[in-house]
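Working notes for the structure below.
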Amino acid sequence: MNDYSISALVLQDVVKGGKSLDKCLEKQTPIVSQICFGSLRNYFLYSKIIEKLLRKPINKKHSDLFNLLIAGLYSLDNLKKPAHACVNESVEAGSFLGKSWAKNLINAVLRNYLRKKTVLTEAAKQASLEAETNHPEWLVSLMKKDWENWRYVVDANNKKGPMTLRINQQRITRLDYQKMLEATQIQSKKGLFCEGALTLDEARNVDMLPGFAEGLVSVQDEGAQIAVSFMNLSPGLKILDACAAPGGKTCHILETYPDSDLVSVDKSGERLRLLHNNLKRLSLNAKILNSDLEDFEPKQKFDRILLDAPCSATGVIRRHPDIKLLRKPDDIGKLAIQQEKLIEHSFNLLAEGGELLYVTCSVLKMENDSVVKKFISENSDAEIKKINLSNISGKLKFSRTELGVQLFPTPEYHDGFYYSSILRKPK
Ligand SMILES: C[S@@+](CC[C@H](N)C(=O)[O-])C[C@H]1O[C@@H](n2cnc3c(N)ncnc32)[C@H](O)[C@@H]1O
C-alpha cells in the first residue's frame, strides 16, 4: 500500500461507509491525513471535474477508484512533490487496490487534469453550484434561505480552521504563556474577545505545547470559549453541563469558578472518558454522570444549565469536512426534534430565576432560533434573556438573531456557534 491507496480507502470509508473522518484517521500518517482532509474539502469540485474527464462513469462497485482520482487531483494541486511523482504513485495505488486494469485510466485522468486544469475548473464551477461552493446543494439552499452572507460562511468552511488555545488562568497569565510559546519558537496572537484565548500561527501537536500535560493550557476554539461569559456565572452556583463530553466547557467553567457545584452529564461513555482525562490533566473536579439527559432526575434544581446540544455541526465544517458528505437533508429536522426534547427536559431541571444557555455549533436556523422559538411559545414561564455583547460586538463576526446570537466561522478566528439564553421566570 502507499499514501494514495490508503487515502482512497479512508475516503471510501467516509463517503460510502458513512464513517467519521477523525475515526478513520486515528492510526494514519500526517500525509494521509492531509490528503483526506483536502480531498473532502474539495470533493464536490473534483467530482465534477473527474466526471468530465471520464469517457463513461466509473461503475459504483469501483468507487474506491473514483476516490483515488479525487486524492490524485488534490495531491497534484497541493503536495510539495513533482506532478509526475503524484501521477506515478496514484497509478501504483490502483494496483494496490487490485485495479491494475485501471492504470491507463488513472494516468490519463490525472495528466489531462494537469493540462486543462484552469478550463476544467472554471467550466465545473459555471455548471454546478455544488462544484462552485464545494458543498451539497441542499445545504447551500438552507444557508441561502437563512443568511444573506451565506457565501462568507461557505468560503470560511472551505478553509482550514486555526488552532486556538484556552489558557488556564488559574495557573498562568496569557502573556506569560505566550512567552513560553515564543521560547519554543511557537508564534501566537491574542484571541479576538476571550481573555484566555491564544491563536497559534500554525497548528501543532499538543505534545509540542509547553505545559500541556501539566494542565496549563487546552485546545478550544474561541467561539466555544465564549460560552462561559454568556452564562452569567458567579461563585458557588449549582450548575448542570447537560451534554458535557468531551468536557471543553465543563473544564472552562471550573477554571473560571473552581468552587462551582457542577454536574456533567453525557450519554456517551466513550466521550466521558475524554472528559475524565481532561479534568485529571487540569486537576479539576466535577460530578460526572453517564446518562441520557432525559433519564436524569436530580433531587435539586440548578441555577445555571449549559445545554450544548448535539447538532449538524455545520458551523465547524472546516474542521470536519466529512460533514458535507455525511449529513443528509432529513437529518436537520430530526436533530431539531431531538434538540426540542433536550431543551424541554433541561428547562424542567432549572430553578426559578435560573438561566439556561442553549448552544449549538450549527449555522442553520432550523436547529437554532426555530427550536428556541417553539419552546418559548409553548412555555409561559420561559423568557429570552438578551445576551450582552457590549464588550465584544465590534470584534465578533456575528449576527443578532430574533432569539439569540449567531457566530459565523471566520477564516482567522472563531468557528460558527449559536447561543440563546433562556430565563426561568420566578413565579
Ligand atoms: C456538542 S457535544 C458537547 C460538547 C461539550 N459540551 C464540550 O464543550 O466539550 C454534544 C454531546 O451531547 C451528547 N448527547 C447527545 N444526546 C444526549 C442525550 N440525550 N443525553 C445526554 N447527552 C447527549 C453527545 O454524546 C455529545 O457528547
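Residue numbers for the sequence shown, in the numbering used here: 58 to 484.
From the three backbone atoms N, C-alpha and C, an ideal C-beta is built for every residue, glycine too.
If you compare the alpha carbons of Leu136, Ser120 and Lys391 with that of Lys156, the shortest gap goes to Ser120.
Ile394 is positioned such that its CB atom lies no closer than 7 angstroms to that of Ala439. Bounds of the alpha helix (DSSP H) holding Val166 are Lys160 to Ala184. When the beta-carbon positions are compared, Ser447 and Gly461 stay at least 7 angstroms from each other.
For Glu412, the uninterrupted beta strand (DSSP E) run begins and ends at Leu407 to Thr417, by DSSP.
For Leu329, the closest alpha carbon among the candidates Gly305, Asp352 and Ser317 is that of Gly305. With a cut-off of 6 angstroms, the C-beta of Gly326 is classified as distant from ligand 1, since no heavy atom of the ligand falls inside that distance. Inclusion of Asp360 and Leu294 in the CB contact set at 7 angstroms is warranted, their separation being smaller than that value. Burial check for Gln357: the Cβ neighbour count within 10 Å stays below 16, so the residue is exposed. Just measuring C-alpha positions, the residue of Ile163, Asn124 and Ile92 sitting nearest Arg112 is Ile163. Distances from the alpha-carbon of Leu177 to those of Lys324, Phe455 and Glu108 put Glu108 closest.
Using a cutoff of 6 angstroms, the CB of Cys308 does not count as near ligand 1, since none of the ligand's heavy atoms is closer than that. 7 angstroms or more divides the Cβ of Pro378 from the Cβ of Lys216.
In the structure shown, Phe269 adopts coil according to DSSP, grouped into three states.
A direct Cα-to-Cα measurement between Ser317 and Asn225 gives close to 16 angstroms. Looking from the CA of Cys308, the closest CA among Asn289, Ser325 and Gly272 belongs to Gly272.
Exclusion of the five residues before and after Arg384 leaves Ser369 as the residues of its chain whose Cβ lies within less than 6 angstroms of its Cβ. Pairing Pro193 with Ile374, the inter-Cα distance amounts to about 12 angstroms.
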